[in-house]
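So the structure is just underneath, and the comments pick up after that.
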Amino acid sequence: MTTTRRDLFKFAGGAALGALLTPAPWRLITDTALWSENWPGIPRPARGEMRTKFTNCTLCPAGCAVQARCVGEQPVSLAGVAGHPLSHGALCAFGIAGHHLPYHPARLRSGAVQEAAAAVAQAMAGRGARGRVVVFDPRPGRTASWTYRRAMAAIPGGTYVRPAPALGGNAVNLAAARTVLSFGVPVMDGWGTPGNVMAAREGFRLIQVEAVESRTAAMADVWLPVRAGQERAMAAAMGGAPGTGIADEQVRQVAQELAENGPAVVLGLEDWPEIVALNRRCGAAGRTIVARRGTPVPEAWKKSAPETEWSAVEDGSVRVLLIDEAAAGDTVPWSAIQPKLARGALVVAFACTREGYARHANYTLPTAVYPEMVDDIPAAVDSPASVFRMSASLVAAPEGMVNPAEFVARLGGIDGGAALRERADAIHRTGRGSVFAAGQASRTAREMKPDEFRKALTEGACWIDEPDPKAKPPVLVAASAGYASSVALTEQRGAGLVSPLLSKLHEESRLRLARHEVALHPSSGFRDGERAALETGRGRIEVVVTLDSSVPPGVVQAAAGADVVDLCGGDADARVVRI
Amino acid sequence: MNARYGMTIDVDRCNGCGACMVACAVENNVPPAHAGANDRNGLTWIRVYKVDNGQDYPDKRSAYIPVLCQQCGNDTPCVHVCPQQAVDVDPTTGVVGQMPERCLGCRYCMAACPYHARYFNWWDPAWPKGMEKTLNPDVAPRMRGVVEKCNFCHGRWHEARQRAAAMGIPETQPVDYVPACVEACPSGAIRFGDLNDGASEVARGAKEPNSFRLLEKLGTDPKIHYRSKRDWVREMGNAPRPAAGKENQRG
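Protein chains in written order, with the working numbering: chain U, 1 to 579; chain X, 1001 to 1251.
Quick look at the structure:
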């Protein structure tokens, strides 16, 4: 029998068909899939000994307690600390992904440190008798802030500037409040300590006066959709002034509720006289707005430079401006700072990105980011007691990072290297307060030895002061820097980095406005997703429009990046235009 | 007795902060958005939707509803349609599991899921340089071309199971653990537990008068129980999709 070419084809075809009836090809699919799961393009998680470390988050002034799950020394997830007396086990979306920040692609990794130091020395030497050296500290009250003040006291013409404190530096005791009347303050979305606000929420009725149906407005018991920009007028209307878009009867009801369902507190975007008057009328001072003792400092530090605000600095007087943006705090629009600078002034920003004040600086020096940096976090606005807690360094900072406090301390010729330790000792010496450490019973500071006290703090514990028996009700004073924005801003986080994983909330779900995204009412005439420009008298930036009927016609809602704050801060009239 | 893990979500307590979404992505090694990702092809195992009462400003009222795999207990649609047996219901926990190594990426399950709670991996998982060091060692990243979804943090369940085994607790007994979204929720809106345990908080919560489930009329017996005092929110739970907003354009 001869084998023909046709036979070979028939055999091959039959074999191929027959193979389909065997498990082999199907098994091959599974094996290929298994192999593809491990091909080199897919990262493999590191393995190793699991550890738990504790720290405190520095991403916003709330300073929530954090429990880090680590593989070896590397944090792989962050969570709140259950039972914490201030943060109540909660952590916000930004804090949960905080361990990603050291790897952020937009992070600054190098800067001309020597060159900047030489330029500062030269500018200081040639500044003349009236030229000021200013440190601007967006998050005052830290140990680093005291180092700045000490250094500025040692430099002729040295000035320490901070943003105006909310409520005159007093605290809100939400746990005591039965009514909270908020004029545009994001009470439920980033204002205080998230866990503390949520824990107190059941105890108070929330009345939100705001043009936009924000997250706080959506969660409020009563939302009063006031005409845009009329929050302050509404506060005045509660004393009788008309014209806010809210019915007079409703205004009367709110005033009545404030009077009858106390204790109450009234919160405003700034300490306008109308807000202060309402707080006085409802007897908030001493009940829901309480004076807070300062966190103790060593005696020697008290001879440092006083805290001042930008309004107290003469125009054109600043020759050297040093801005510590490493710890995100309240953003002051550049338009409020720029007039203070002398011609040819030198501006140095300590920052981890080029997004914030670094845009205006001659030199930007890179700093460590959370959770690399060691820093302390002052009490948040909703903490009636003074506190001391530290962000411990969970991962080592890369080479070349600058510590702003050490840089400034060198300029003033003081030693700031042991400042945190000195302050911890000063707190311990008072014998006041108690220390909360995760998984341990609270202990009084008096029970602990100084070393023990310091060690607990560096491992993420929190010192909480005891109530002051001699405390008097605070005197409420009106103060308005005029920085309130002309657009409804969300997520006021200045220029800080956020984890790339926050794309889940922005691009991948549109749950929150992304950077350079603005929300307009559907009647605005724009299409969803259309490119446009946000424009004020100060300039314009390109934005993407999203349509949202929660925003009233004629109002712009934007995510508050530093450039948006610069553009829209103060009374700038913002509008969105086609490009 | 087998467990039947489920959740209660108090919609009135949810402020749409998104902590659950980020915590889920961190826990389950879900990568950040690819440059081409948007709200229709992104990977969000749990997604918070903003819904409203259908009115225009100033009568509009909004609520935030976290939607994740509803862990259907009856005629689970995705299980029925999968040609690869890549989806199954674990009889000991009631959790609908997804096996990416079996998945061919046909996306029948996505079409079958009435809750839009399944997501296709359009791109290779990629993290910014160095960030892969932060991946959770208990969960393997999935490759491109497969479907992903919530599995009530299987890695955490597995760890709890191991702990229980070390303590001599029999395998048939439910274990105590919480998924990442529950742990992360700052307002305590999401609760998790065994629906078969009458004393558990979720079992009690599921029976509350204001409790509802999404698309209950389909008879899929979802194990996620929502709660709201607002009538329009409860009514929305039975609508084919949110009454207004961008979500109408989806799917």
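The beta-carbon is built from N, C-alpha and C at its ideal position, and this holds for glycine as well.
Predicted model, so just to flag it, every value in this text is computed and none were measured.
Contacts that residue i makes with chain U (C-beta to C-beta distance below 8 Å)
i, result
"CYS1017 of chain X", "CYS92, ALA93, ASP189, PRO194, ARG215"
"LYS1129 of chain X", "TYR103, PRO105"
"VAL1089 of chain X", "Those do not exist, as VAL1089 of chain X stays about 21 Å from chain U at its closest Cβ, beyond 8 Å."
"ASP1039 of chain X", "GLU507, GLU508, SER509, ARG510"
"ASN1029 of chain X", "PRO45"
Within chain X, partners of residue i - CB distance below 7 Å
i, result
"ALA574 of chain U", "Per Cβ cutoff of 7 Å: no residues; ALA574 of chain U is ~19 Å from chain X at best."
"ILE96 of chain U", "ALA1019, VAL1022, ALA1023, VAL1026, ALA1184"
"ARG47 of chain U", "PRO1137"
Helix, strand or coil at residue i according to DSSP, with G and I counted as helix
i, result
"VAL222 of chain U", "strand"
"ASN1248 of chain X", "Unreliable positioning characterises ASN1248 of chain X in this predicted model, as indicated by a pLDDT of 44, which lies under 50. The coordinate reading is nonetheless provided below. Looking at ASN1248 of chain X - three-state DSSP - the assignment turns out to be helix."
"TYR1115 of chain X", "coil"
"HIS1225 of chain X", "strand"
"GLY494 of chain U", "Low per-residue confidence applies at GLY494 of chain U: pLDDT is 48, beneath 50, and the placement is therefore not dependable, though the value from the model is reported in the following sentence. GLY494 of chain U falls in the coil class under three-state DSSP."
"PRO75 of chain U", "strand"
"ASP1176 of chain X", "coil"
"ASN56 of chain U", "strand"
"SER509 of chain U", "coil"
"ALA259 of chain U", "helix"
"ASP972 of chain X", "The shown model of chain X, from 1001 to 1251, leaves out residue 972 of chain X, and the question about it has no answer."
"VAL1026 of chain X", "helix"
"MET50 of chain U", "strand"
"ILE427 of chain U", "helix"
"GLY1097 of chain X", "strand"
"ILE377 of chain U", "strand"
"CYS92 of chain U", "coil"
"GLN122 of chain U", "helix"
"GLY1016 of chain X", "coil"
"ARG578 of chain U", "strand"
DSSP bridge partner residues for residue i (one or two, in chain order)
i, result
"TRP463 of chain U", "U:PHE388, U:VAL435"
"GLY539 of chain U", "U:THR536"
"SER182 of chain U", "U:GLN208, U:LEU267"
"TYR363 of chain U", "U:VAL348"
"VAL1067 of chain X", "X:ARG1047"
"LEU582 of chain U", "Any answer about residue 582 of chain U is impossible in this case: the structure gives chain U only from 1 up to 579."
"PHE526 of chain U", "Answer is none; PHE526 of chain U lacks a bridge partner."
"ASN279 of chain U", "Looking at the DSSP assignment, ASN279 of chain U forms no beta bridge with any residue, so it has no partner."
"TYR160 of chain U", "U:VAL135, U:GLU307"
"GLU646 of chain U", "Residue numbering for chain U in the displayed model covers 1 to 579; residue 646 of chain U lies beyond these limits and cannot be assessed."
"TYR1005 of chain X", "X:ASP1194"
Where residue i meets chain X, residues with beta-carbon distance less than 8 Å
i, result
"GLN74 of chain U", "LYS1133, THR1134"
"HIS99 of chain U", "THR1134"
"VAL71 of chain U", "PRO1137"
"SER317 of chain U", "Near SER317 of chain U there are no residues of chain X at all, since even the closest Cβ is about 42 Å away, more than 8 Å."
Integer Cβ distance of residue i from residue j, believed to fall under 8 Å
i, j, result
"PRO584 of chain U", "ILE427 of chain U", "In the structure displayed, chain U extends from 1 to 579; residue 584 of chain U sits before or after that span and is not available."
"VAL265 of chain U", "ALA177 of chain U", "5 Å"
"ALA1160 of chain X", "ASP1176 of chain X", "6 Å"
"GLY195 of chain U", "GLY89 of chain U", "6 Å"
"THR1172 of chain X", "CYS1072 of chain X", "Contact doesn't hold; Cβ gap of about 23 Å is too wide."
"LEU547 of chain U", "LEU520 of chain U", "6 Å"
"ALA445 of chain U", "GLY433 of chain U", "5 Å"
"ARG27 of chain U", "ASN1015 of chain X", "Contact flag wrong, Cβ pair sits at about 50 Å."
"VAL180 of chain U", "PHE204 of chain U", "5 Å"
"CYS1153 of chain X", "CYS1109 of chain X", "That belief does not hold up - the Cβ atoms of CYS1153 of chain X and CYS1109 of chain X are roughly 20 Å apart, past 8 Å."
"ALA361 of chain U", "ALA349 of chain U", "4 Å"
"ALA228 of chain U", "LEU206 of chain U", "The pair is not a contact, with the Cβ atoms about 21 Å apart (cut-off 8 Å)."
"ARG581 of chain U", "ALA424 of chain U", "The structure shown has nothing for residue 581 of chain U, since chain U only spans 1 to 579."
beta-carbon residue i near the ligand ADP non-hydrogen atom, thresh 7 Å
i, result
"THR1092 of chain X", "Only the bare structure without any ligand can be found here, which leaves the ligand ADP out of the picture."
Contacts of residue i in chain U (Cβ-Cβ under 9 Å)
i, result
"ASN1002 of chain X", "Going along chain U, no residue has its Cβ under 9 Å from ASN1002 of chain X, so there is no contact; the nearest lies around 28 Å."
"LEU1043 of chain X", "LYS504, GLU508"
Chain-ordered chain B contacts of residue i [CB-CB under 7 Å]
i, result
"SER1187 of chain X", "This model lacks chain B altogether; the protein chains it does include are U and X."
Contacts of residue i in chain X (Cβ-Cβ under 9 Å)
i, result
"ALA79 of chain U", "ALA1023, ALA1180, GLU1183, ALA1184"
Against chain U, which members of the region 1053-1073 of chain X pass a CB distance test of less than 8 Å? So the list reads ASP1056, TYR1057, PRO1058, LYS1060, ARG1061, SER1062, ALA1063, TYR1064, given in the order they occur along the chain.
Taking only beta carbons into account, state which residues of the region 1142-1169 of chain X come closer than 9 Å to chain U, listed in chain order. ARG1142, MET1143, ARG1144, GLY1145, VAL1146
Could you list the residues in the region 496-522 of chain U with a C-beta less than 9 Å from some C-beta on chain X, going in chain order? SER499, PRO500, LEU501, LEU502, SER503, LYS504, LEU505, HIS506, GLU507, GLU508, SER509, ARG510, LEU511, ARG512, HIS521, PRO522
Would you list, in chain order, the members of the region 530-555 of chain U that have their beta-carbon closer than 9 Å to a beta-carbon of chain X? THR546, LEU547, ASP548, SER549, SER550, VAL551, PRO552, PRO553
Under 7 Å (Cβ pairs) to chain X, residues found in the region 218-229 of chain U: ALA218, MET219, PRO225
Would you list, in chain order, the members of the region 195-210 of chain U that have their beta-carbon closer than 7 Å to a beta-carbon of chain X? GLY195, MET198
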